[in-house]
Amino acid sequence: MQLAVLGGFVLAAFAPLLHRWFGDRAGLVMALLPAALSLWLFAQLPAVVGGEVLVFEQAWVPGLDIELTFLLDGLALLFALLISVIGVFVLVYSSAYLKGHPDLARFHVVLVAFMMSMLGLVLADNLVALFVFWELTSITSYLLIGFNHTDPEARKSASQGLFVTVAGGLALMAGLVMLAVVGESWSLQTLVAQGDTLRAHPLYLPILLCLLAGAFTKSAQFPFHFWLPNAMAAPTPVSAYLHSATMVKAGIYLLARMQPGMGGTEAWVTLLSLFGAVTMVTGAFLALRHTGIKSLLAYSTIMALGTLTMLLGIGTEEAMIAFGTFLLAHSLYKGALFLVAGILDHETGTKDISAMGGLRRVMPVSATCAGVAALSLGGVIPLFGFTAKELMFTSVLHAERFTVLLPALSLAAAVMTLAAAAIVALRPFFGNRREMPRAPHEGPPEMLAGPLVMAGLSLLLGLMPGLASGLVGATASSVNGAPLPASLSLWHGVNLPLGLSLVSLVLGLLIFRYWDYWRIWMRSLEPLFARGPEMGYFKIMDLIVTISVWQTRMLQNGYIRNYLVMTLMVLVGLTGYTLWSRHGLAFSFALDVRFHEALVAGLMVAGAVTACIMRLRLAAVASVGVMGFCIALTFVIFSAPDLGITQLLIETLTVILLILVLFRLPRFASLSTTLERVRDLVVAGATGLLMTLLILTVLDERLFPSIADYMIANSQPEGHGHNIVNVILVDFRALDTLGEVFVLALAAIGVYAMLSFHVDEYDARRQPERKEPRDG
């Protein structure tokens, strides 16, 4: 499994070469990898349904106890099957949909990388690996959404999706780190098994909020739902894959994986139930506002994502079974519908449903696939979507909290979803034939294969839902954290869920009948839609630009002095606060200082002060030299003559360099105000005081044994030298010394260049050309 996932990235890298060999058929060749993965995953189905959990371990960062571990249980198996199987059809579909496209090779590179990123995410057991794959899905989806990079809308939509999901990813990273600290493990298996410990910990709520921020942004939960419909700027194969099996399901997967360890609390139930229900209704309501078939389907995906989140929030055993069933049903019908939408666009030249009609005679296969998949979307018997909707109604009716709100919102969403399904199934294919940009005809076999299989499975599993009972039960068991067998059936008798289904059918068809009037009414709500969450996103982006302009003007204005002041102020503020809060002001000033040592220190201070106040450059350089020579004298006093000699040589070289530079500098001028000079004095004084206190702290406290003992003991045996300082520089800290030698070499080159520079030639080039005076 690890080899297959990581090998998929290698296959993505070789996509351009495969295009050279196979041309437009390269997608069919690359589909062999997810096809092989699908067969292997189906082979593991009996073991996983029987309760076995397969684990694949590989050392990654052993020093940090981080492993690249893949885990295959019921939840991971369902997601992996959806990613692999639908991935096969998407690759086959794209070979015909984008046939002849000049960037088809680039498309396959990113699509296969996206597929493997999502597969790695749902299989990863290690938190670090999960986060790496999580961010890879964001980056690759950004590239896919912006595939048509010459289109400004595609670039804008790709950037929006990236900003929203990556912002949530940062919160997720914080949550995962806190989770690992609390659970003392990087393994998801280990962490979710510590549910009682996690829920009782004081950091539970911050961890939960961070995890929800990551999941809600990724899975387009309200109020972050706006980026998903805009992602329809991507090519249709990407949209189909994005909505049915990948990207937007990543947040749902994370919530489901965390359910055994984090679920069941009041915060979990409240947040997931309410946000999921609101997202569900919002998606269903906004779907009826649009006539673009991809936009309509995108909002119905938001409805489904909200439903899955709500079921996880309810958290009962019925809800877990409904979760697994709804997840499978949605993936099948949504993949089929998006691929049919691509066929309609490809063969008619329009995405507008209101501009289509009467296509069933020229596109009978597409019409059949769309009809079956749309009936499953609407939850009409005997499709698999009906079974999922019945289980969803049962779960909300038996919910322990929000016993009135959740059923009411679920019924409203079901009504509007059925209307949307009827629009997709009937408006393009029935009614009067309309003129379209292209003469419509049936799509090629490569584009029909996916819709036929997925729509066929929606019908087959609807008629015989028991075929999916094992997989759904294994998924529900993983989410539940305990064995939970599922027994799916088409008919549960005459009950309240059936009554709600019938009500949704009647009201949904009524809305479909008067959809044109519904859209006219919704136009009156445009001012409200314009002030939705997306406006907040744009306001935030504008604020970021405003802050960037301000901080560039204030902090990055090109003056090195200002950069230095800001850096030192931050250093003094953060380090000083830490020093004060952890050490207090109890410093020991009882230093054993002798007269000659104090005299040398006084000369250093005098040299520094003189260098600051002198207006003659030569005097300032001499003052700096006094400071350096006093440092060399200090080394000599404390029995380090080799360091003293080094300091003496460096100081001499520095003084010579400064004197050479003096001849190139203009005269001294007052370029700063008195207030700025006072500010600089305060910052410099604070920095000096901080460094003094830090040194006193180091002298006063010793948290670890002195390294001097190790150096003394190992200098002669390991370094074969009796001069400990030399052994440290040449052997123990050889890389540091190499860096210093490199710096000195650069300085020597600079000195040579300056000494070789002829001042007379420079002045001659700088001298303005003189004009001879005219006679008379």
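Residue numbering for the sequence shown follows the UniProt record's numbering, starting at 1 and increasing by one per position.
Glycine residues also receive a C-beta, built at the ideal position from the N, C-alpha and C atoms.
In this structure, DSSP gives S672 a state outside helix and strand, which the three-state scheme calls coil. Less than 7 angstroms divides the Cβ of T325 from the Cβ of V472. A straight-line Cα-Cα distance of about 15 angstroms links M522 and A419.
Between T578 and V600, the C-beta spacing is not below 7 angstroms. S84 has its alpha-carbon roughly 6 angstroms from the corresponding atom of L37. Taking a cut-off of 8 angstroms on C-beta distances, the segment 237-257 touches the segment 211-223, as three or more cross pairs fall below it.
Residues of the same chain with a CB within less than 6 angstroms of the CB of K99, apart from the 5 flanking positions on each side, are D24 in chain order. Judged by their CB atoms, L81 and L41 are nearer to each other than the 7 angstroms cut-off. Counting of Cβ neighbours within 10 angstroms places N480 among the buried residues, the total reaching 16 or more. A Cβ-Cβ distance of about 4 angstroms is found for the pair V49 and G470, placing them in contact under the 8 angstroms criterion. The beta carbon of L162 sits closer than 7 angstroms to the beta carbons of S138, Y142 from its chain, once the five residues preceding and following it are set aside; these are given in chain order.
For T692, the number of other beta carbons within 10 angstroms of its own is below 16, and it is reported as exposed. Burial state of L703 is exposed, judged by a 10 Å Cβ sphere holding fewer than 16 other Cβ atoms.
Nearest to F338 by alpha-carbon distance, out of A329, A373, E317, P364, is A373.
Under the three-state reduction of DSSP, G493 is assigned to coil, being neither helix nor strand.
Only residues of its own chain outside the window of five on either side were considered, and among them E390, F393, T394 have a CB closer than 6 angstroms to the CB of P497, listed in chain order. Pairing V5 with G169 gives a Cβ-Cβ distance that is not under 7 angstroms. DSSP places A298 in the uninterrupted alpha helix (DSSP H) bounded by 293-314.
Cβ contact annotation for A174 (same chain, cutoff 7 angstroms, sequence separation greater than five): C210, in chain order. D352 has G292 as its beta-bridge partners, per DSSP. Take I343, set aside five residues on each side of it, and the residues of its chain with a beta-carbon closer than 6 angstroms to its own are S366, G443, M447, in chain order. Beyond the five residues adjoining it in sequence on each side, G349 comes within less than 7 angstroms, by CB distance, of M436, P437, R438 in the same chain, given in chain order.
The three-state secondary structure of W134, taken from DSSP, is helix. If you compare the alpha carbons of L505, Q44, I712, F89 with that of G74, the shortest gap goes to Q44.
For F70, the enclosing beta strand (DSSP E) has its first and last residue at 70-72.
Under the criterion of beta carbons closer than 8 angstroms, M30 and A15 qualify as touching, at roughly 7 angstroms. In this structure A154 is in contact with A233, their Cβ atoms being roughly 4 angstroms apart against a cut-off of 8 angstroms. Distance from the CA atom of A193 to the CA atom of D125, rounded to whole angstroms, is 13 angstroms. Annotation for V605: no beta strand (DSSP E) segment contains it, though the alpha helix (DSSP H) segment containing it runs 595-613. Take the alpha-carbon of A414 and the one of V506: they are about 11 angstroms apart.
With a threshold of 16 other beta carbon atoms within 10 Å, L699 falls short and is exposed. Look at E184 here: in three-state DSSP terms it is coil, with no helix or strand label. Just measuring C-alpha positions, the residue of V593, R513, K156, A12 sitting nearest V110 is A12. Using a 10 angstroms sphere on the CB of I145, the tally of other CB atoms reaches 16 or more, which defines it as buried. By alpha-carbon distance to A245, the top candidate from L332, L203, E526, T475 is L332. Membership of L54 in the beta strand (DSSP E) is indicated by the continuous run 54-56.
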